[in-house]
Structures are given as structure tokens and as C-alpha cells.
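Data block below; observations after.
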Amino acid sequence: MVTYLAKFPPHLSNLTHNIRQLLKKDSVWIWDANTERDFELIKQAIMKSPCLKYFDKNKEVTVSVDASKNGLGAVLLQESQPVAYRSVSLTQTQQRYAQIEKELMAVIYGLEHFNYYTYGRIVTVQTDHKPILGLSKKPYDTISPRLQRMLLRLNKYNIQLEYVPGKNLVIADALSRAHSTTDKFDEVLGQEATVRINLLTQDSPTKWEEIAKMTTDDPEMQDVLFHINNGWPEKKKTKIAAQPYWHCKEELYSTKERIICRGQRLVVPVKYRKEILKLLHLSHKGVVSSKIKAKEYFYWPNINRDVEEYVSKCKICQKYQRENQKEILINPENPGRPWQKVACDFFCLKGKEHLLMIDYLSKYVELKPLNSTTAQSVITVMKSIYTTHGIPEDLVSDGGPPFNSNLMTNFFREWGIKHHVTPPHFPRANGQIERAVQTVKNSLTKAADEGKDLYVVLLDYRIQPAKDMQSPAELLMGRKLRTFLPSHPDQLKPTFDVERAREVLRKRQIIQNKYANKHATVLPVLHQNAKVWFKHKMKKPWKQGTIIQVGPQPRSYIIKGEDGGVFRRNKFHIQQDYTEDDNPCWSRTVEDLYNSDATEISRIPNSSADSQVNASPKTNKSKINQQLQVSIENCSEQSNPVVRKSSRNIVKPVRYRDN
């Protein structure tokens with residue numbers, strides 16, 4: 001032992017010189033006063049600093065233990081340097097214990113003697129008896145009662161057992177052999193063990209007594225107690241109320257207050273579970289955090305399911321929940337001819353309002369400055385555009401002022417224009433014009449900074465061809481425009497193929513969907529009369545309401561709030577209300593996860609078909625599954641985005657096909 005610790009005490013070789021002379025060959029053994037003095041000095045050297053170090057709470061703790069025939073030894077270590085030693089002798093009865101029982105007693109002795117340093121922290125326990133490592137993993141009912149009591153005594157410590165060969169367990173081995181003859185290990189293992197449950201916050205005596213009383217009054221808990229005290233038969237012969245506990249029967253025991261525990265977790269009576277769920281969700285953490293906390297302190301059958309249900313129905317959590325994940329894109333049907341369908345919006349450039357209008361097929365933009373955004377002023381500008389390019393069949397806008405005025409409604413009716421309104425606060429629903437505003441405004445801002453003519457920049461934008469497509473001006477007018485760029489006269493001759501343009505647009509949409517839908521999801525279907533939470537104002541908490549109408553646009557719903565107000569919202573701004581246990585208008589099933597977006601796959605502006613699918617989603621399952629299959633090679637047949645791998649068409653390579 002002294003040799004093992006030789007690197008810590010200074011000048012130890014001088015102290016051991018006389019004793020080492022006695023170990024030489026042919027030396028005469030004479031133990032005189034000088035030798036006795038050196039021996040005492042050596043013992044003092046290894047029992048004080050710097051051989052013994054001060055305890056550091058920030059460093060890992062190791063307890064090395066060993067058991068000999070007549071004694072136990074333990075040493076507290078940090079970074080392989082001793083902090084404290086301890087040894088004790090065994091009684092006559094203890095000396096007759098089996099070796100595995102002595103070794104386990106040594107573990108208990110080391111932890112309890114150094115309890116001030118070991119309790120409440122992770123401790124590594126070193127032992128040279130390897131069977132102890134396997135013993136700690138066995139069910140309690142397969143080992144002897146004495147070992148059971150010993151293991152229960154260790155439950156209050158957080159230990160990690162480590163096997164160390166005996167030749168390397170020097171200090172503990174020496175202490176167990178040269179044990180103290182005055183101290184006895186006063187064991188209480190023969191007495192009834194009292195198990196203490198260590199919780200994060202200690203319950204008051206009245207609360208503990210309340211749990212004990214509920215356990216006594218609970219028939220289910222009494223059936224479990226019966227089997228704990230009288231043994232567990234086969235599962236089919238177990239009492240019905242206790243059968244859910246059969247799989248963990250080896251871990252169940254009762255305290256002296258007759259409270260049931262599973263390991264260090266409290267088994268909660270049925271009547272007390274709702275109160276425990278409230279405590280687990282006290283800080284309104286999510287499902288995962290609540291389940292982790294529950295798993296650490298409590299147990300009852302289906303506890304995870306109950307935690308999930310309680311958290312999902314929490315009204316406060318639903319009121320302040322985060323926004324929905326974005327949904328997969330809806331590909332609008334490309335019009336059959338130019339200027340058949342257009343979208344418009346306003347934007348401000350250099351302090352002046354402008355009206356921007358874009359054609360869905362050609363992407364041709366018209367930009368007009370406005371003196372004001374009143375309905376009459378906007379109608380006058382629209383008439384000037386329509387007299388140039390013709391009257392469109394469909395117009396898409398956000399429905400804000402002045403498009404929601406009676407004057408504008410009458411204008412659309414008189415001119416035969418069908419007006420499509422996107423949900424408020426959801427610009428992605430009118431992405432065609434939003435992207436155009438961003439691109440045009442960015443180009444014009446840069447041009448204005450350079451002092452260029454804005455109309456020249458607008459002309460350059462209109463003649464810019466896309467990949468595999470003609471320019472917007474050529475698609476709209478059927479010819480190239482003469483610009484400042486030198487061009488051959490034959491290039492200005494009219495030539496245009498509408499179907500080819502539509503085919504190229506479909507291919508581009510599929511490629512765009514591949515990236516746009518990478519982090520998108522499919523939100524559950526919402527039906528009429530469903531209780532929901534919706535965003536009244538974007539930066540405010542969610543409000544409760546009821547869906548009174550589905551559509552007419554895809555993913556668009558009319559909601560009546562609790563205050564009687566009526567609002568149009570996109571599904572992105574709507575969440576299901578899980579606080580209603582008897583809400584018959586929605587049910588979250590497997591079909592919702594895969595087919596719930598059946599109403600969204602239909603193309604704009606076929607709103608009547610969308611409403612029909614919403615009304616009867618189950619009758620369209622086969623059609624929906626076919627619509628979700630997509631590939632770039634077959635883009636001429638369909639253009640819907642891929643939502644999962646299992647729905648894709650598998651095309652065999654040519655070499656594997658039958659000839």
C-alpha cells in the first residue's frame with residue numbers, strides 16, 4: 001500500500017530506508033527503536049497532506065472497496081488520489097457470510113461511511129468481485145432475502161459499479177486485511193428495511209398520508225398489494241385489476257405506509273392521477289418534457305398516453321401554441337391561353353403607390369402608377385390595361401381595400417370577371433403576384449439608384465426569356481418586341497406555341513415543388529362545425545371559434561369567433577381544438593396523416609370540386625392516392641407534389657423489363 005501511494009508523500013524513500021534494509025537477502029532481522037520510529041512516521045505520512053487531498057465537489061468521486069475474511073476496507077478517491085480511508089472488522093456471524101454477501105456489505109459500508117460525499121451525486125464504486133455487477137441487474141425475486149435487503153439499502157445512491165482486478169485494488173485490499181479491531185460493522189440488514197422515496201420536492205406529511213389513504217381506498221392498488229405480499233401467479237391467474245402491473249412485478253414493493261413503489265417511482269392511485277398530471281404540466285412544457293418528468297418520479301399503466309392526452313388538451317398551451325408548419329404547395333392549373341387569369345397587388349415605390357398585374361401563363365407584368373388607391377382610381381387603371389390586352393376571365397387578389405368595395409364588385413360583374421380572394425394575412429396563397437412584386441420592385445429600386453429610366457427597365461424585364469421558354473412579352477403577344485438590343489428582322493415575326501409553354505410550366509412546377517415541399521407537411525382535414533383555434537391577429541395569441549363554411553378557395557375557411565365576428569382564414573392559421581372531448585367534427589386518424597390533404601390537391605380555381613372533396617373525404621381515397629403519385633418523367637400526366645416515398649410510381653429500368 002505504501003509503495004502504491006509513494007508518488008504522493010515527499011521524501012518517502014528516506015523514511016523507508018531502514019525498513020527496506022530488512023527486506024534484503026541475507027540481512028539480519030532486527031526491529032529496533034529506529035525501525036519502529038520510521039514505521040510510525042510512514043503511517044503518519046500517508047494519513048496527511050499531500051498524500052491525502054482535500055475533497056473537491058467539482059471532481060468525480062470514486063469509492064474503492066474490498067472484503068477479506070475478517071474485515072472490510074474502503075477508500076474515497078478523487079483522480080486516483082485518496083481523500084479518506086476506512087476499515088472495520090466483521091462480527092462472528094458476518095464472517096460466516098458468503099463471499100458475495102461480504103463484498104456487497106463492503107460496498108454498503110463504503111457508501112454509507114462516506115455518505116456526506118457520496119449521497120446525491122454519481123459515484124463510481126470499484127470492486128474486485130465481478131459477480132456483484134451481474135447481481136445488481138437481476139430481478140429481486142430471484143435472489144436471496146439477505147441480498148434483496150442489501151440491494152434495497154443501495155437504492156438511495158446513484159452508483160456505477162466497476163470491476164477492478166484484485167492486484168490493482170491495492171489500498172482497499174490492504175485496509176480490509178489490516179482492519180480496525182475496535183470498530184464493528186453494526187449492520188441492520190436483518191431488520192425490516194424501510195425504503196425512502198427521494199423526490200425533487202419533499203411532500204408534506206399530510207400529502208404523504210393522503211396518498212397512503214388513497215392507496216388504501218383504491219381497489220386496484222389493493223389488488224396489487226395483495227400480489228406483492230402473497231406472490232405473483234401466472235398473468236392469467238392474476239387479479240384483473242393487477243394484470244397491467246404483471247410485466248413489472250419484480251420491481252414492485254410497498255413501504256411501511258403501504259404505498260406502492262416501482263423502483264424509486266411512486267405508483268399513483270387512480271383518484272390522484274389527475275392531480276399528478278397537473279403538477280407534471282405545471283410549467284406548461286411540451287409532451288416530451290412532461291413524459292420525461294413523469295418517468296422519473298411516477299408510474300401507473302398507460303402513463304405516457306395519459307400525459308399526452310392531458311398536454312394536448314391543455315387550453316392555455318393551445319392558446320399560445322406556435323404556428324403550423326407550412327403545407328405542401330398547390331399547383332394552380334395553368335390557363336389555356338394568355339391573359340385568361342391574372343393576379344394583382346399594390347406596392348409603394350419612392351413614396352408612390354403602384355398597381356402591379358401579372359398574367360399566370362406568360363408571367364407578363366403591367367405596372368401602373370396610382371394617384372390614390374380608391375376603388376374608382378383603381379378601376380380606371382384596370383380599364384386602361386384591359387383595353388390593351390383584353391378582359392381576363394379570372395382575377396386573384398388579397399381581397400383588401402378597394403377590392404372589397406361594392407363599386408369594385410359591380411365592376412367585376414359588369415365586365416364578366418370572376419374575382420378570387422385569398423385568405424387575409426397569408427400572402428403565400430397569392431404567391432404568383434407576391435413573387436412578381438418582389439422581383440419588379442427590387443429591379444426598379446436598383447434602376448432608380450443608378451438614375452435609369454424605369455420604363456426601360458420594365459421593358460427589359462418583359463423581354464427576358466426563361467429557361468426553355470419564350471419571354472413574357474412573346475408568350476403574351478406571340479412575337480418578340482423590338483428593344484435597344486440589335487436583332488434580326490426574322491426574330492420579330494410572330495411565332496407561339498401555347499401547349500409547349502404549358503408543358504414547360506408544369507415541369508418547372510414539379511422541380512420547384514421538390515424544394516418547396518422539403519420541410520412541408522400535410523395538415524389534418526377540418527370540417528364544418530369543427531371547434532378550432534385561429535389567428536385573429538398575427539402577433540396575438542390564438543382565439544377559439546367554429547368553422548361555419550369550408551372554402552370556397554382551397555385551404556380557405558370561414559370561422560365564427562366566440563365574440564360573434566366572422567373571419568376568413570387559411571388552414572395555416574387554424575389549429576384543431578383538442579379541449580373538446582366530444583367534438584364530432586374531426587378525428588385524427590391514420591388517414592388524416594396521409595390523405596388529409598385530399599381537398600388541397602385540386603387545382604385553382606376548381607373550388608366546387610374542392611368543396612365536394614371536403615364534404616366526403618373517405619369516398620375519394622383511391623382518387624387521392626392516385627393524385628399524390630408524381631414523377632418528372634410523367635409530368636405531362638400530372639403535376640402534384642410528392643408527399644411520401646411510398647406513393648411514388650416505381651418504373652423498372654429497361655434492362656429488367658420483360659421482352
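Numbering (the UniProt record's numbering), first residue to last: 1 to 659. Idealized CB from N, CA, C, for every residue including glycine.
> On the three-pair Cβ rule with 8 Å, is the stretch 129 to 139 touching the stretch 73 to 93?
Replying inline: With the cut-off at 8 Å, the stretch 129 to 139 and the stretch 73 to 93 do not touch.
> With DSSP run on the structure shown, which of helix, strand or coil describes G120?
Replying inline: DSSP places G120 in coil when its eight states are reduced to three.
> Taking the continuous alpha helix (DSSP H) assigned at A447, which residues delimit it?
Replying inline: Under the DSSP assignment, A447 falls in the alpha helix (DSSP H) whose first and last residues are G431 to E450.
> According to DSSP, which residues form a beta bridge with F346?
Replying inline: L355.
> Could you give the distance in angstroms between the alpha-carbon of A615 and the alpha-carbon of I558?
Replying inline: Low per-residue confidence applies at A615: pLDDT is 40, beneath 50, and the placement is therefore not dependable, though the value from the model is reported in the following sentence. A615 and I558: Cα-Cα distance of roughly 15 Å.
> Among residues of its own chain, excluding the 5 on either side of K315, which ones have a beta-carbon nearer than 6 Å to its beta-carbon?
Replying inline: By the criterion of a C-beta distance shorter than 6 Å, K315 is surrounded in its chain by T579, once the five residues flanking it on both sides are discounted.
> Would you say P541 touches the ligand FMN, meaning its beta carbon is less than 7 Å from a heavy atom?
Replying inline: Ligands in the displayed structure: none, and consequently the ligand FMN is not present.
> Taking three-plus beta-carbon pairs below 8 Å as touching, is the stretch 68 to 77 in contact with the stretch 163 to 181?
Replying inline: Yes, the stretch 68 to 77 touches the stretch 163 to 181.
> Quick one: what's got a C-beta closer than 7 Å to Y310's C-beta in the same chain, skipping five residues either side?
Replying inline: Cβ neighbours of Y310 beyond the five flanking positions: L277 and H281.
> Are there 16 or more other CB atoms within 10 angstroms of the CB of I433, so buried, or fewer, so exposed?
Replying inline: With 16 or more Cβ atoms within 10 Å of its Cβ, I433 is classed as buried.
>> How far does the beta strand (DSSP E) with Y163 in it extend, from its first residue to its last?
In response: It spans N158 to Y163 - the beta strand (DSSP E) in which Y163 sits, taken as one unbroken run.
>> For I558, list the residues DSSP reports as bridge partners.
In response: Bridge partners of I558: Q549 and R568.
> Just curious, the beta strand (DSSP E) that K368 is in, first and last residue?
Replying inline: The continuous beta strand (DSSP E) containing K368 extends over residues V365 to P369.
> When the Cα of F347 is compared with those of T439, K507, E79 and K319, which residue comes out closest?
Replying inline: Cα-wise, what sits closest to F347 is T439.
>> Using CA atoms only, rank isn't needed, just tell me which of N517, S362 and S377 is closest to K368.
In response: Nearest C-alpha to K368: S377.
>> Between G246 and T255, how many whole angstroms is the CB-CB distance? I'm expecting something under 8 Å.
In response: Reading the sequence as shown, one finds Trp at residue 246 and not Gly. That pair is no contact at about 21 Å.
> What are the boundary residues of the beta strand (DSSP E) that Y310 is part of?
Replying inline: DSSP places Y310 in no beta strand (DSSP E) but in the uninterrupted alpha helix (DSSP H) bounded by I303 to S312.
> What are the partner residues of A74, as DSSP defines its beta bridges?
Replying inline: Paired residue(s): V65 and R86.
> Under the three-state reduction of DSSP, which class applies to L232: helix, strand or coil?
Replying inline: Checking the sequence, you will find Trp at residue 232 rather than Leu. Residue state, collapsed to three classes: coil.
>> Could you give the first and the last residue of the continuous alpha helix (DSSP H) run that contains C317?
In response: For C317, the uninterrupted alpha helix (DSSP H) run begins and ends at K315 to K319, by DSSP.
>> Let me confirm a value: S471 is counted as buried when at least 16 other C-beta atoms fall within 10 Å, else exposed. Which label applies?
In response: Counting every other CB atom within 10 Å of its CB across the protein chains shown gives S471 a total of 16 or more, marking it as buried.
> Alpha carbon to alpha carbon, how far is M214 from P554?
Replying inline: Near 53 Å, if we compare the C-alpha coordinates of P554 and M214.
> Going by the CB atoms, is the gap between L147 and L111 shorter than 8 Å?
Replying inline: Cβ atoms of L111 and L147: not closer than 8 Å.
>> Per DSSP, what are the beta-bridge partners of S397 in this structure?
In response: Looking at the DSSP assignment, S397 forms a beta bridge with V421.
> Is D207 helix, strand or coil by DSSP?
Replying inline: In the sequence as displayed, the identity of residue 207 is Lys instead of Asp. Residue state for K207 is assigned as helix, using DSSP reduced to three classes.
> Cβ of P423 within 8 Å of Cβ of N513?
Replying inline: The answer is no: Cβ separation not under 8 Å.
> Quick one: Cα of I510 to Cα of E503, how far?
Replying inline: For I510 and E503, the gap between their C-alpha atoms comes out near 11 Å.
> Which same chain residues, not among the five before or five after V83, have their C-beta less than 7 Å away from its C-beta?
Replying inline: Answer for V83: L52, K53, F55, L76 and L77, listed in chain order.
> Comparing alpha-carbon positions, which option in L407, Q576, I358 and Y360 lies nearest residue 660?
Replying inline: In the structure as shown, the chain starts at 1 and stops at 659, and residue 660 therefore has no counterpart that could be examined.
>> Looking only at its chain, what residues have a beta carbon closer than 6 Å to the beta carbon of I463, apart from the 5 residues adjacent to it on each side?
In response: S471, A473, L481 and T483.
> Taking the runs of the beta strand (DSSP E) that are 3 residues or longer, which of them lie wholly in the stretch 475 to 549?
Replying inline: You should have 531 to 534.
>> Output needed for W533: all residues of its chain with C-beta closer than 8 Å, excluding positions within five of it in sequence on either side, in chain order.
In response: The residues are Q318, K319, Q321, W542, K543, Q544, G545, I574, Q575, Q576 and D577.
>> Tell me which residue opens and which closes the beta strand (DSSP E) that I574 is part of.
In response: For I574, the enclosing beta strand (DSSP E) has its first and last residue at I574 to Q576.
> When the Cα atoms are used, what is the spatial distance from I391 to L444?
Replying inline: Their Cα atoms are separated by approximately 27 Å.
>> What does the alpha-carbon distance come out to for the pair L152 and S312?
In response: Their backbone Cα atoms lie some 38 Å apart in a straight line.
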